[in-house]
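Each residue of the sequence shown is one higher than the last, beginning at 5 in our numbering. The beta carbon of each residue, even a glycine, is placed where N, CA and C say it ideally should be. One structure is given here, and the rest of the page talks about it.
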Amino acid sequence: MAAGQRRPSLRAAVAAVPLLLLFALSFWSQAASVAADGGAPAWTTALQQHVAYFDTDKDGIVSYSETEAGLRAIGLGAATATAAAALINGVMGPKTRPDNATTSQMDIYIENIHKGMHGSDTGSYDAQGRFVQAKFDAIFSTYAKAEPNALNETELEEMRHANRGSNDYKGWAASKAEWDMLYSLGKDKDGFLQKDTARAVYNGSLFVTLAKKNGGSSAGN
Ligand SMILES: *[C@@H]1O[C@H](CO)[C@@H](O)[C@H](O)[C@H]1NC(C)=O
Ligand SMILES: *[C@@H]1O[C@H](CO)[C@@H](O)[C@H](O)[C@H]1NC(C)=O
Ligand SMILES: *[C@@H]1O[C@H](CO)[C@@H](O)[C@H](O)[C@H]1NC(C)=O
């Protein structure tokens, strides 16, 4: 049903690509620090669960087709998903590829993804990629003023600006892309991003929920 309803314009598709690229890149890159930590093949932390959404066959590699299927499942149109997946995997594949790898250049290796980590974030993940409840709570206790436990767009901006590291332009861009994306996917009808919705991103369940809502064959489970 959703497929017939929405056909993204080329402009929307082009606008979505860099956002998705940075969004995926920053989450994936943080996941790498997790893999590097214990070396355990099973993804167990909040970040790993988030990334695992895209890694359908659970082999530690996010292929081009996995990215595309995952993006379509959360509601992106076919053209947008194809363009975004080509960009994401085209950029991240070569960066994360082990020297002796023999699979596609477009494969993203989660274990090596730390090469794209960024700063200027909220600190809601620690260096190992674990969720830090206190930091997450602080976002809302500090910036949610108009409504308790929810942020409007102005408050979101304030929060991001306060978290900026000096001259960390890549981090600023990545953080903006993430939060803009999260806000546009997760805001309620009054334009507020509820705390529960934001929490669902950190524990990896928002993508799965969106995939179910879109009635697609979920790329997760
Ligand atoms: C590449 O090298 C790593 C470490 O030296 C090794 O564990 C891995 O099995 C190698 N992979 C291939 C495809 O040869
Ligand atoms: C958004 O939040 C700011 C800061 O708390 C507040 O001044 C503004 O009125 C809020 N806007 C809406 C539409 O709630
Ligand atoms: C993730 O967080 C959301 C929002 O708090 C919650 O409803 C959901 O049950 C959580 N899911 C998991 C797998 O922890």
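Check                                                                                                                                                                             : Outcome
Pick helix, strand or coil for phenylalanine 211, following the three-state DSSP scheme.                                                                                          : helix
What residues does ligand 2 have around it, judged by CB closer than 5 Å to any heavy atom, in chain order?                                                                       : Lys149, Ala150, Asn156, Thr158, Glu159
Rounded to a whole number of angstroms, what is the C-alpha to C-alpha distance between aspartate 59 and asparagine 104?                                                          : 21 Å
For alanine 90, which residues of its own chain have a beta-carbon under 6 Å away from its beta-carbon, when the five flanking residues on both sides are left out?               : none
Drop a sphere of 10 angstroms on the beta-carbon of tyrosine 187, count the other beta-carbons inside from all chains shown, and report buried for 16 or more, exposed for fewer. : buried
Pull up the CB-CB distance for lysine 199 and phenylalanine 144, whole angstroms please, since I reckon it's below 8 Å.                                                           : 5 Å
Going by the beta-carbon positions, is the gap between glutamine 109 and proline 98 smaller than 8 Å?                                                                             : yes
From alanine 138 to alanine 202, what distance separates their C-alpha atoms?                                                                                                     : 14 Å
Is DSSP giving valine 136 helix, strand or coil here?                                                                                                                             : coil
For threonine 158, which residues from the same chain have a beta carbon less than 7 Å from its beta carbon, with the 5 sequence-adjacent residues on both sides left out?        : none
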